[in-house]
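Novice: Position 286, counted from 1, in the sequence shown is what our numbering calls 286; the numbers after and before it change by one each time, with no gaps. Even glycine gets a Cβ: it sits at the ideal position worked out from N, Cα and C. Fair warning: this is a prediction, and the values are worked out from it, not measured in the lab.
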Amino acid sequence: MSAAELEIGSGQRGKPPDVGAVRVALFGGFGIGNFGNDASLEATADYLRAEYPHIVLCSICSAPQAAADKFGLPTYATGGAPSGLLRLVDIALLRVPRTIWNWLYAFRILKRVDVMLVAGTGVFDDYRDSPFGWPSRLLRWSLAARLSGVRLVFLSVGAGPIVNPISRLLMKASARLAQHRSYRDADSRAFMQSIGMDESRSTVLPDLAFLLPSPEARRPAGAPLTVGVGVMNYRGWRDSDAAFDAYVAVHVRLIQWIEAKGYRARILIGQTPVDLKAVRAIEGRVGHTLMKPGDAELNSFQDAMAAAAETDVVVASRYHVQIAALKAGRPLISLSYAPKNDSLLAEAGLGEFVQPIEQVDFDRLTGQIETLLKERDRYSALVRARVADMEARLEGAIRDLDLLAPRG
1 MSAAELEIGS
11 GQRGKPPDVG
21 AVRVALFGGF
31 GIGNFGNDAS
41 LEATADYLRA
51 EYPHIVLCSI
61 CSAPQAAADK
71 FGLPTYATGG
81 APSGLLRLVD
91 IALLRVPRTI
101 WNWLYAFRIL
111 KRVDVMLVAG
121 TGVFDDYRDS
131 PFGWPSRLLR
141 WSLAARLSGV
151 RLVFLSVGAG
161 PIVNPISRLL
171 MKASARLAQH
181 RSYRDADSRA
191 FMQSIGMDES
201 RSTVLPDLAF
211 LLPSPEARRP
221 AGAPLTVGVG
231 VMNYRGWRDS
241 DAAFDAYVAV
251 HVRLIQWIEA
261 KGYRARILIG
271 QTPVDLKAVR
281 AIEGRVGHTL
291 MKPGDAELNS
301 FQDAMAAAAE
311 TDVVVASRYH
321 VQIAALKAGR
331 PLISLSYAPK
341 NDSLLAEAGL
351 GEFVQPIEQV
361 DFDRLTGQIE
371 TLLKERDRYS
381 ALVRARVADM
391 EARLEGAIRD
401 LDLLAPRG
């Protein structure tokens, strides 16, 4: 892959920065179709532009073309691999040329940057990855930033689990290089402490997606009671067919119960196209289409919030679909796959409405839905108040961090 393919210009490229402007690179797994990751990028960029009018932003991310098209930022790939004949040469030389090239590329990009801000997302885990994937890329860029005199900030990131011991070493090394670390939930911070990190100076902040504007209420008058059902392509931590089949079975039963009660099921997704695989599997079992043509075109966190605003209550597992529901002011039940889900609901005042995703008590689940439907006005008011508090705390904490002190 050439340097041109790794660098995607948009708008700001070639323009000299304003005098005194701070140059910030937003680093993360952006542009891959995950609504939550992209929401973190958008929320951070919008907030920094509003607070610091002279800021110069770019993004170093997993899918630079998609991120550039969506957000209008100059973007750079986190790394690349050669193609064609060069790929064969690279393999023959044990990938040493690619490794050297990626390091030189990182140093060259970081010459244009004062702050590398890792903006949200589940940075410190090795979900379906090897040490030579995300963990090694994160360390490369973190070390290159520090060696280049660039300030390194991990802002409201997620952590854990890190299963592979080599991945754990690489990610701990990355974390130690940062001048600031904050986490999006207490469990992430506790996990990093459990693997030997000193987190005495780190903080816990709400997820960065809470910086985005909340959607307007869109619940149509006279519409039937609507239960939002978040569907994800859940296969467990180790990519298990059995976990996927069990997940689909629970959601088939849930949708059949919703429809038997005379309610409407509104499908919500948080990553395209992968979540649509689970939707199609569920549709095949219930025997009819669950998503209208427009529903299948959901492709952003804003779309997920707008869809959640059409519901009365939401049952969901994917973390940022849950945040979308809370931003829409909707009472929420979590079928949790990680501690972060439970922490989020506790902070929203809904700590009693959680169940583990692989051990769902179906009778309890339907009882929880009925409770939230019956008292939805009270719970909606509670959610809105808690979300407003999270938004205020997040904005205040970021403002107080002085993140944009230029390199010294």
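(1) Taking 7 Å as the limit between beta carbons, can you name the residues of its chain near residue 26, skipping five residues before and five after?
(2) Taking Cβ positions, are residue 394 and residue 135 nearer each other than 9 Å?
(3) Do residue 76 and residue 61 have their beta-carbon atoms positioned less than 9 Å apart in this structure?
(4) Under the three-state reduction of DSSP, which class applies to residue 362: helix, strand or coil?
(5) Tell me which same chain residues have a C-beta within less than 7 Å of the C-beta of residue 257, skipping the five on either side of it?
(6) Could you name each continuous alpha helix (DSSP H) segment of 4 residues or more that falls completely within the stretch 269-295, going from the start of the chain to the end?
(7) Give me whichever residues DSSP pairs with residue 34 in a beta bridge.
(8) Drop a sphere of 10 angstroms on the beta-carbon of residue 289, count the other beta-carbons inside from all chains shown, and report buried for 16 or more, exposed for fewer.
(9) In whole angstroms, give me the CA-to-CA distance for residue 392 and residue 99.
(10) DSSP three-state label for residue 390, please.
(11) Is residue 217 buried or exposed, if buried means 16 or more other CB atoms sit within 10 Å of its CB?
(12) Excluding sequence positions up to five away, which residues of its chain have a Cβ less than 6 Å from the Cβ of residue 425?
(13) Using a 10 Å radius around the Cβ and a threshold of 16 neighbouring Cβ atoms, would you call residue 370 buried or exposed?
(14) Per DSSP, residue 71 forms a beta bridge with which residues?
(15) Just the C-alpha distance for residue 124 and residue 262, rounded to the nearest angstrom, thanks.
(16) Grab me the residues of residue 3's own chain with a C-beta within less than 6 Å of its C-beta, minus the 5 sequence neighbours each way, in chain order.
(17) Give a yes or no on whether the C-beta atoms belonging to residue 202 and residue 192 are separated by under 9 Å.
(18) Provide the residue span of the beta strand (DSSP E) that contains residue 57, from first to last.
(19) Strictly by DSSP, which residues pair up with residue 226?
(20) Out of 302, 101 and 63, state which residue places its alpha-carbon closest to the alpha-carbon of residue 210.
(21) Can you tell me where the beta strand (DSSP E) holding residue 116 begins and where it ends?
(22) Helix, strand or coil: which one does DSSP assign to residue 333?
(23) So is residue 352 buried or exposed if we call it buried at 16+ other beta carbons inside 10 Å?
(24) What is the rounded straight-line gap between the Cα of residue 148 and the Cα of residue 111?
(25) Please go through the same chain and pick out, in chain order, the residues whose beta-carbon is closer than 8 Å to the beta-carbon of residue 344, but skip the five residues on each side of it.
(26) Could you tell me the distance, in whole angstroms, from the CA atom of residue 278 to the CA atom of residue 231?
(27) On a Cα-Cα basis, can you pick out the residue from 113, 227, 388 and 234 that is closest to residue 259?
(28) Quick check: the Cα distance between residue 397 and residue 284, rounded to an integer number of angstroms?
(29) Are there 16 or more other CB atoms within 10 angstroms of the CB of residue 223, so buried, or fewer, so exposed?
(30) Given that a residue counts as buried once 16 or more other Cβ atoms are within 10 Å of its Cβ, and exposed if not, what is residue 64?
(31) Which partner residues does residue 355 have in the DSSP bridge list?
(32) Leaving out five residues on either side along the sequence, give the residues of the same chain with a beta carbon under 6 Å from the beta carbon of residue 164.
(33) What did DSSP end up calling residue 420 once you bin it into helix, strand or coil?
(34) Following the continuous beta strand (DSSP E) through residue 183, name the residue where it begins and the one where it ends.
(35) What does residue 25 pair with, by DSSP beta-bridge criteria?
(36) So, is residue 385 buried or exposed, given that buried needs 16 or more other C-beta atoms within 10 angstroms?
Specialist: So, to answer that:
(1) 41, 44, 45, 57, 59, 117 and 119
(2) no
(3) yes
(4) helix
(5) 366
(6) 274-286
(7) 271
(8) exposed
(9) 43 Å
(10) helix
(11) exposed
(12) Nothing about residue 425 can be read from this structure; the chain reaches only from 1 to 408.
(13) exposed
(14) Answer by DSSP bridge pairing: none, since residue 71 is not bridged.
(15) 43 Å
(16) Here the model assigns residue 3 a pLDDT of 44, short of 50, so the residue's position is not dependable and the matter cannot be decided.
(17) yes
(18) 56-61
(19) 264
(20) 302
(21) 115-119
(22) strand
(23) exposed
(24) 7 Å
(25) 185, 207, 319, 322, 323, 326 and 334
(26) 7 Å
(27) 227
(28) 47 Å
(29) exposed
(30) buried
(31) 335
(32) 126 and 131
(33) For residue 420 there is no data in the structure shown, the boundaries of the chain being 1 and 408.
(34) 180-183
(35) 58 and 116
(36) exposed
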